[in-house]
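Inspection log for the structure reproduced underneath, given as structure tokens.
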Amino acid sequence: MKLLLKRDQKSGLIGKITFTLAVRAELTDNEKSNIKKYKLGDAVLYERTPQPDKGNGGFREVASLLAHRMMTLSVSVNDLSDGKKIDCKDIVEMLAVEDQIKEAAQTFKTVLEAAASFGGEEVIELK
């Protein structure tokens, strides 16, 4: 598995810059087969869930809930294999998301390596 990352930025309506991280995994046929075999496609690798503002009812609370729903982000195995774009408010957030996705992808690669070894024998040379 190879993890492909692309950083970008775009300007908004009022001159605000949004930073975008595009992530995609390049999977081998064997890895794709194991994802399908073990039904790992919906497994969540990364999730960002901000806390909603607790308003005192009315419009502010509804707006807060809508914003919360829009800010919630998850990246599944299927997302990683199909590719996904993640919008971030600043560079620091983008780098943090990037690090967390790299770590999650590394852990998932270990899962795929374990899945590939079922039914076989693994030899580990100890020093």
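According to my numbering, the sequence shown holds residues 1 to 127 in order.
By construction, the Cβ of each residue, glycine as well, lies at the ideal position given by its N, Cα and C atoms.
None of these values were measured; they are calculated from a predicted model.
Inset, instruction - Leaving out five residues on either side along the sequence, give the residues of the same chain with a beta carbon under 8 Å from the beta carbon of Lys84. - result: Once the five neighbours on either side are set aside, the close Cβ partners of Lys84 are Ala22, Val23, Arg24, Val75.
Legend entry - chain D within 8 Å of Ser81, Cβ atoms only: Of the chains in the structure shown, none is chain D; there is only one protein chain.
Inset, instruction - Provide the residue span of the alpha helix (DSSP H) that contains Ser33, from first to last. - result: 29 to 37
Legend entry - Expected contact under 8 Å - CB spacing of Leu27 and Ser81 to nearest Å: Distance from Leu27 to Ser81 at the Cβ level is roughly 6 Å; contact confirmed, criterion being Cβ atoms closer than 8 Å.
Legend entry - Residue interval of the alpha helix (DSSP H) (run including Ala109): Per the sequence presented here, residue 109 reads as Lys, with Ala not at that position. Per DSSP, Lys109 belongs to the alpha helix (DSSP H) from 91 to 116.
Legend entry - DSSP-derived helix/strand/coil call for Val77: helix
Inset, instruction - Hey, could you find the ends of the beta strand (DSSP E) Ile14 is sitting in? - result: Ile14 -> no beta strand (DSSP E), and no H or E assigned at all.
Inset, instruction - Might you give, ordered along the chain, the residues of its own chain that have their beta carbon closer than 7 Å to the beta carbon of Ala67, omitting 5 neighbours on each side? - result: The predicted model places Ala67 with a pLDDT of 48, which falls under 50 and marks its position as unreliable; any figure quoted below should be read in that light. Around Ala67: no qualifying Cβ.
Inset, instruction - Under 8 Å Cβ to Cβ from Gly89, same chain only, skipping five residues before and after it: list those, please. - result: The question names Gly, but residue 89 in the sequence shown is Lys. The beta carbon of Lys89 sits closer than 8 Å to those of Thr18, Phe19, all from its chain and outside the five residues before and after it, given in chain order.
Legend entry - Residue of Lys109, Asp99, Tyr46 minimising C-alpha distance to Leu5: Asp99
Inset, instruction - Quickly, what does DSSP pair Asp42 with across the bridge? List them, please. - result: For Asp42, which the question treats as bridged, DSSP gives no partner whatsoever.
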